[in-house]
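A.B. asks: This is the structure I want to talk about, given as structure tokens.
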Amino acid sequence: MGTQPTLPSLDTPPSPRESTAATAAPWRRLRRFVVAERLSHWFYALFFLVALVSGLLMWIPASREWMAGARRTVALYHGYVGAAMIILPLVVFFLLDRRQMGRDLREVDKWNGDDRRWFRLALRGYTLRGREMPPQGRFNAGQKVNVVLVAAMAVGFSATGGILMHKEDMAAWLVSRALWLHDFLVVAAVAIFVGHLAHVLLTKHGRTYLAGMVKGWVPEELARERHLRWWEEETGAAEQMGAASEAGAGGEASSGDGV
Amino acid sequence: MSIDEKNIGRRTFIGLVLAGIVALFVGKDIFPHVTSGGGSSSGGAKSFRINSVKSGPPFDEATWRMTVDGLVRDPLSLTFSQFTDLPQVELTRDFLCVEGWGVNGVGWKGVAVKELMQRAGIDPQATDLVFHSGDGVYSDSLTLEQASLDDVLLVHELDGAPLPPNMGQPVRLIYPGHYGYKYVKWVERVEAINSKETPFTGYWENYGYSADATIPGYTP
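Protein chains in written order, with the numbering used here: chain A, 292 to 550; chain B, 2 to 221.
And the structure:
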């Protein structure tokens, strides 16, 4: 450990810049998500669950029979929830926090060499084995892929869902293909959702991520271990690390996994 | 943006959306078994999704009757063997549900509805036939003109075998070229009505579906 940092109050989250030490203090926290991001995430999760449950109700033969004619109403609300999943990010972006959401998009978009290496290593199972990984920003490459996948699937769901909502006016071949793709996307979305849940619930750092999405803050220790570039940016440790490096210290590596 | 940074996020997003567009057009043909949503070209009872609003009654040949009544000259009450002794029609048609799935090349065998109309003697005042399901809930109607088409049948066989219980055993209506919600299962009664005097709306038509149910672009 390096220099003993000044203890911040546990009642009030510290400013990111309060931490200037080159090593992370487990009791200190960094703000990872603002309110708009957290609301967006949790409303999106809620809408996804409602869409999933209503979709399954319409898909399972026993529940179809149980709902009888109410199936039409369920289908209608399923469509409304689907539309809400498209509108929500737009509302957050344009009305709540355009600056922060724009920052999120830029971070998800831009990958440097460490991100690419991180992702290649993750595909080879390095994260599952707890191996050292290249340093990451506020989002690691796995989390970036997750965001991109969710966004692309939202486009796919809304396009195919729109066709299915107006199926009586559409060509039969198009409706049939849209239903196939909609079903296919459900399989993919459920796989991603289950993986996402398993990760945040079954691993210690996953539960820390989960708490971060609830409270907005993550322990500085987690940031340093798994998001070294972000930790350096937030704490100003990069300069200190650079100085240390010049004095003979080696490079840093973090471990961590995606989503 | 540093030299090392690349816009991989947006490229991946655009690539995925383009892949989705391709999948919309060819995915169902390339991966027919990934999901059940696209239906199948294999035909047969197993290719159908079961879409019932209520389970039908168990089939008992000893007590089952097909009734044709309402605005008719000679009401009919046929046993199952009397029904199957009527002239039989066999045809192969694609089945398509309004929800988007379908089954291609389904072999049906049954009695033309117009055969029953002739035997019962439809009253000139009648305009429509209402097909009542034995489930006590579901019903739908066809105009006399629609019901008189050669391929509108009350079928009891699917691909050479008796209709399975969940497919409407022993008899269901088929109306090729139209969505499956017109294919009333467990038909036990055909009632001739005058729709001006006794307006009728089918089960799903009450929930907004079109009474016509024509499949756009359908060719037998």
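Even for Gly, the Cβ is constructed at its ideal location relative to N, Cα and C.
1. Roughly how many whole angstroms lie between the Cα atoms of Cys-98(B) and Phe-84(B)?
2. Taking only runs of the beta strand (DSSP E) that begin and end inside the segment 120–174 of chain B, which ones reach a length of at least 3 residues, in chain order?
3. Taking the C-alpha atoms as reference points, what is the distance between Ala-480(A) and Leu-130(B)?
4. Looking only at its own chain, which residues have a Cβ that is under 6 Å from the Cβ of Glu-189(B), when we skip the five neighbours before and after it?
5. Does any C-beta atom of chain A lie closer than 7 Å to the C-beta of Glu-6(B)?
6. Locate the alpha helix (DSSP H) running through Lys-495(A), then write down its first and last residues.
7. Under a three-way DSSP split, which group does Ala-401(A) fall into?
8. What do you reckon, are the CB atoms on Trp-109(B) and Leu-92(B) nearer than 7 Å?
9. Can you name, in chain order, every residue of its own chain whose Cβ lies under 6 Å from the Cβ of Leu-387(A), other than the five neighbours on each side?
10. Does Arg-324(A) come out as helix, strand or coil in the three-state DSSP assignment?
11. Between the segment 329–362 of chain A and chain B, which residues of the former have a C-beta closer than 7 Å to a C-beta of the latter?
12. In whole angstroms, what is the alpha-carbon distance linking Gly-421(A) and Glu-516(A)?
13. Counting only Cβ pairs nearer than 9 Å, list the residues of chain B close to Gly-393(A).
14. With DSSP run on the structure shown, which of helix, strand or coil describes Ala-193(B)?
15. Count the other CB atoms within 10 Å of the CB of Val-399(A); is the residue buried (16 or more) or exposed (fewer)?
16. So, helix, strand or coil for Val-18(B), using DSSP?
17. Within 10 angstroms of its Cβ, does Arg-74(B) collect 16 or more other Cβ (buried), or is it exposed?
18. So, does the CB of Arg-408(A) fall closer than 7 Å to a CB anywhere in chain B?
19. Where does Asp-5(B) fall in DSSP's three states?
20. By Cβ distance, which residues of its chain are closer than 7 Å to Phe-81(B), with the 5 residues on each side in sequence left out?
21. Classify Arg-498(A): buried if its beta carbon has 16 or more other beta carbons within 10 angstroms, exposed otherwise.
22. For Met-67(B), name the three-state secondary structure that DSSP assigns.
23. Rounded C-beta distance between Met-358(A) and Leu-348(A)? I'm assuming under 8 Å.
24. Report the option in Gly-433(A), Leu-379(A) and Leu-476(A) whose CA atom is closest to the CA atom of Trp-409(A).
25. With 7 Å as the threshold, decide whether the Cβ of Arg-11(B) is near any Cβ in chain A.
26. Rounded to whole angstroms, what's the CA-CA distance from Trp-522(A) to Arg-429(A)? Just pull it up for me.
C.D. replies: Quick answer:
1. In this structure, the alpha-carbon of Cys-98(B) lies about 27 Å from that of Phe-84(B).
2. Taking only runs of at least 3 residues, the beta strand (DSSP E) segments lying wholly in the segment 120–174 of chain B are 129–134, 140–144 and 154–159.
3. Taken atom to atom, the span from the alpha-carbon of Ala-480(A) to that of Leu-130(B) is near 45 Å.
4. The residues are Gly-135.
5. By this cut-off, Glu-6(B) is an interface position.
6. DSSP places Lys-495(A) in the uninterrupted alpha helix (DSSP H) bounded by 495–506.
7. In the sequence under discussion, the amino acid at residue 401(A) is Lys, which differs from the Ala named in the question. In the structure shown, the three-state DSSP call for Lys-401(A) is strand.
8. Yes, these two residues count as a Cβ contact at 7 Å.
9. Same-chain partners within the cutoff: Ala-327.
10. Looking at the sequence itself, residue 324(A) is Phe, so the reference to Arg does not match. DSSP places Phe-324(A) in coil when its eight states are reduced to three.
11. The segment 329–362 of chain A vs chain B, Cβ under 7 Å: Pro-352, Arg-355, Glu-356, Ala-359 and Gly-360.
12. Looking at the two C-alpha atoms, the distance is approximately 12 Å.
13. For Gly-393(A), none of the residues of chain B pass the 9 Å Cβ criterion, the least Cβ distance being about 13 Å.
14. Ala-193(B) falls in the strand class under three-state DSSP.
15. So Val-399(A) ends up on the buried side.
16. Per DSSP, reduced to three states, the secondary structure at Val-18(B) is helical.
17. So Arg-74(B) counts as exposed.
18. Not closer than 7 Å to any Cβ of chain B, the Cβ of Arg-408(A) fails to qualify, so no.
19. Three-state DSSP puts Asp-5(B) in coil, outside helix and strand.
20. Glu-62, Trp-65 and Pro-171, listed in sequence order.
21. Burial call: exposed.
22. Strand at Met-67(B).
23. At roughly 6 Å, the Cβ-Cβ gap stays under 8 Å, so Met-358(A) and Leu-348(A) are in contact.
24. For Trp-409(A), the nearest C-alpha among the options comes from Gly-433(A).
25. Chain A has a Cβ within less than 7 Å of the Cβ of Arg-11(B).
26. Each residue's Cα considered, the two are about 8 Å apart.
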